Amino acid sequence: MNHAYGDDIFPAINFPAYYNHLNDTYDRVIYNKPQNKSSIGEKIAAAYVQANFDTGNVRGNVGVRFVTTKQDLTVANQITTNNATYYHDAAGNILICPASGVNAGGGACAPGDFQYLPREIAVVENFANSTTNKRYNKFLPSFNIAWTIAEDFVLRAAGSQALARANYTDLAQLGQLTNNTQEYYNDRKQFGAPLPGWYGSGANADLKPFTATQFDLAGEWYYATHGVIGIDLFQKKVKNFVVPVTVNNIDVNVGGTQTNFRQYSTNANGRSGTSKGIEFYAQHTWDSGFGYIANYTLNKTNETAVTLGDTQVGKAELIGSAKYAANVSLFYEKNGLLLRASENWTGRTMQGLTAGLPIYAQPYHQIDLNGDYEINKHFMVTASIINFNKATPHTYLGGDTRARLVQLMYPGRQYYLGVTYKFGGDSNK
């Protein structure tokens, strides 16, 4: 059971009933659009070598991985031109449908309403496809070292390079490019139509793969059989992280021609950003079955330029980065019963860019409750209450105020109940 709403939902309409009414009242029209298709061909090859070592108190491994990627992308854009919507007289005035119900073009119209031009004249749709081929290679070294300084204290060090390819949607999502003509604006401005010009959204086939160089230095004290306290120093330098952007007044390739857009939404690469900080963590379980897990992270990230091709469209911190994050879980686990209460805090996080300004999610706090009971070796019952405190995610534009609302959501308090049955014999035998 999940009671929720969002600011983009209009609760007064029964949509299933509305759709049924439309389907029962009007003929269904299907517009075939075979050109409106994007595709990605990707070939990946990798090889690695690793050496393990163990001298007793010191153990670990070193290695390197080589990855090569070839991508062939075909990206489709639907190009819509919105022309005049209505019939006009010689003076340019919109014609009103007469009592006869016949418009100036000889078609049917509703008496007293505007005379609408045929859809194939008012709205013209075309499609354009572009192809991109690219290949990139990367060596990815890594090492892990653990040093048992004392029987109950371990020092760990790790370093690695990692690579993540841009996801397929960002590379080749179907584009929607719209040209609102002056004639369309003249007809529709009374209803709030945007200014004449090009608007749209689409993929960015030129996105580069995300790469990260990361280091960790951690110390762990195992002060009890089921207890540990630790501290971790970390640094991560990333390149080409993906940032959702909405840009004003930018040139976009439309069917091979560079065209100026009033507004365009896509994804861009951040050039280079660094995240560094410290994490504290602790865990303990008592013989009674009660226990806790806790961690707290302080993180500092810098701003870096965000570019579309060679054009800088703004600056951004690492997407999803927060200055602090904390988690505390209290639990009881014994005799087949597990009960857990978790509380999570996250600081302000970076979400993307609009018109050169950052979009932030405000600090967030959520409580979740979970439990399960193993009745026997085959049968288990589970239950959860997610967002017990009814937290409301809130995003806003700009770092100087929270008053520029982007989105306010109420995901609701969510209840889940489930059962699990395992077939077969006792897995412990």
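Residue numbers (the numbering used here): 10 to 438. The beta-carbon is built from N, C-alpha and C at its ideal position, and this holds for glycine as well. Given the structure is predicted, the values throughout are model-derived calculations rather than measurements.
For residue i, the nearest candidate out of the options (CA to CA)
| i | options | result |
| --- | --- | --- |
| Lys431 | Pro367, Asp409, Asn385 | Asn385 |
| Gln321 | Val254, Gly380, Asp81, Phe219 | Val254 |
| Glu326 | Asn336, Gly433, Thr310 | Thr310 |
| Val133 | Val111, Ser169, Ala171, Thr187 | Thr187 |
| Asn146 | His374, Lys52, Lys343 | Lys52 |
| Pro205 | Thr266, Asn195, Asn344 | Asn195 |
| Thr355 | Gly361, Asn344, Gly365, Ala370 | Ala370 |
| Gln185 | Val261, Phe148, Ala166 | Val261 |
| Gly380 | Ala181, Leu172, Gly239, Gly345 | Gly345 |
| Thr178 | Ala350, Gln199, Ile394, Ser210 | Ser210 |
| Leu378 | Phe397, Arg411, Phe270, Pro107 | Phe397 |
| Lys245 | Asn91, Gly361, Gln170 | Gln170 |
| Gln80 | Ala55, Val71, Gly72, Asn142 | Asn142 |
| Gly427 | Arg413, Gly433, Gln292, Ile394 | Ile394 |
| Ile49 | Tyr419, Ala212, Ala331 | Ala212 |
| His387 | Gly433, Tyr405, Pro372 | Gly433 |
| Asp225 | Asn153, Val263, Gly282, Phe200 | Asn153 |
Per-residue burial, residue i [other beta carbons within 10 Å of its own, 16 or more giving buried]
| i | result |
| --- | --- |
| Arg144 | exposed |
| Ser47 | buried |
| Val315 | buried |
| Trp207 | buried |
| Thr363 | buried |
| Arg357 | buried |
| Ser330 | buried |
| Ala181 | buried |
| Ala412 | exposed |
| Asn258 | exposed |
| Leu126 | buried |
| Thr94 | buried |
| Val84 | buried |
| Ile442 | Not covered by the structure: residue 442. The range shown for the chain is 10 to 438. |
| Tyr57 | exposed |
| Asn86 | buried |
| Thr306 | buried |
Residue i in three-state terms, based on DSSP
| i | result |
| --- | --- |
| Phe432 | coil |
| Ala13 | Low local confidence applies: a pLDDT of 45 at Ala13 is under 50, so the model's placement there is unreliable, with the coordinate-based value given in what follows. Three-state DSSP puts Ala13 in coil, outside helix and strand. |
| Asp319 | coil |
| Ala113 | coil |
| Glu312 | coil |
| Gln44 | coil |
| Gln360 | strand |
| Gln191 | helix |
| Arg144 | strand |
| Val252 | strand |
| Gly265 | coil |
| Arg422 | coil |
| Ile212 | According to the sequence displayed, residue 212 carries Ala and not Ile. Ala212: coil per DSSP, three-state reduction. |
| Asn437 | A caution first: Asn437 carries a pLDDT of 48, below 50, which makes its placement in the model too unreliable to give a value. |
| Ala221 | strand |
| Ala370 | strand |
| Thr283 | strand |
| Gly427 | strand |
| Phe471 | The question about residue 471 has no answer here: the residues shown for the chain are numbered 10 through 438. |
| Thr306 | strand |
Beta-bridge partners of residue i, as assigned by DSSP
| i | result |
| --- | --- |
| Arg197 | Per DSSP, none; premise fails for Arg197. |
| Phe270 | Trp207, Ile259 |
| Glu326 | Glu326 pairs with nothing; no bridge assigned. |
| Thr294 | Gly300 |
| Gly228 | Leu164, Ile240 |
| Gly184 | Asn86 |
| His97 | Ile103 |
| Ile154 | Gly69, Ala166 |
| Ala277 | Val252 |
| Lys245 | Gln223, Ser284 |
| Asn135 | Ile88 |
| Ala159 | Phe162 |
Limits of the unbroken beta strand (DSSP E) element including residue i
| i | result |
| --- | --- |
| His30 | Not the beta strand (DSSP E): His30 falls in the alpha helix (DSSP H), residues 24-34. |
| Tyr57 | 48-63 |
| Arg165 | 162-173 |
| Arg74 | 67-91 |
| Thr178 | It is not in any beta strand (DSSP E) - Thr178 instead sits in the alpha helix (DSSP H) that spans 177-181. |
| Asp381 | 373-383 |
| His403 | 403-406 |
| Leu414 | 414-419 |
| Thr234 | Thr234 -> no beta strand (DSSP E), and no H or E assigned at all. |
| Thr355 | 346-355 |
| Tyr125 | Unbroken run through Tyr125: none, as it is neither H nor E. |
| Lys386 | Note, Lys386: premise wrong, no beta strand (DSSP E); not H, not E. |
| Lys343 | 333-343 |
Closer than 7 Å to chain B by CB, residue i
| i | result |
| --- | --- |
| Gly114 | No chain B appears in this structure, which consists of one protein chain only. |
Extent of the continuous alpha helix (DSSP H) run through residue i
| i | result |
| --- | --- |
| Arg128 | 128-131 |
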